[in-house]
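Counting with mature numbering (1 follows the signal peptide of the UniProt record, and there is no 0), you get residues -18 to -1, 1 to 106 for the letters of the sequence shown.
Read the structure below first, then the notes.
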Amino acid sequence: MRILTLIFLFFGFNFSSAQTEANGIIGTWQLTITKGNEGKTLNYELKNNKPDPLIDQDTILTFEDAETILIGMEGFVLNATYTLKDTLLTIGNREFIIQKITKDELVFKETNDDSGMEHTYVRI
């Protein structure tokens, strides 16, 4: 009986932690810093030297309850979907690992990018 209770508590705590992260991301975030592997602040994709829409300083992300995200930049808004499973955040076809999420700060890193780009957003 103790083992069943421990298993139930373990899964219950893990589920509530995942729900807290999912609820914690909902809201509006503004980009403050993007860093590459060398710790340099970037605003361009390293591969093709073109501006990256998720790096512009005026980028604002609005995560909504229904797994939709509004990406505002340069005066227009893109509508996309997102999923969040544990620390894996998927926006459209891009995957990110959430490194830190607090009440005021969101930090994530792209999973399939050799440059190791890390994006830091603050809640507005």
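The beta-carbon is built from N, C-alpha and C at its ideal position, and this holds for glycine as well.
- Residues of the same chain with a CB within less than 8 Å of the CB of Asp47, apart from the 5 flanking positions on each side, are Ile8 in chain order.
- The beta carbons of Arg76 and Thr10 sit no closer together than 9 Å.
- The beta carbons of Leu13 and Thr102 sit closer together than 9 Å.
- Residue pairing for Gln81: DSSP places it in no beta bridge.
- Rounded to whole angstroms, the Cβ separation of Thr16 and Met99 is 6 Å, and the two are in contact under 8 Å.
- Annotated three-state conformation of Ile7 is helix, per DSSP.
- Each of Leu43, Gly6, Tyr64 was checked against the Cα of Gly54, and the nearest Cα belongs to Leu43.
- Rounded to the nearest whole angstrom, the CA to CA distance from Glu49 to Leu66 is 8 Å.
- Beta-bridge annotation (DSSP): Ala62 is paired with Ile51.
- Residue environment for Leu88: buried (at least 16 other C-beta atoms within 10 angstroms of its C-beta).
- Collapsing the DSSP output to three states places Thr16 in a strand.
- The residue from Ala62, Glu56, Glu92, Phe58 with its alpha-carbon nearest to that of Gly74 is Ala62.
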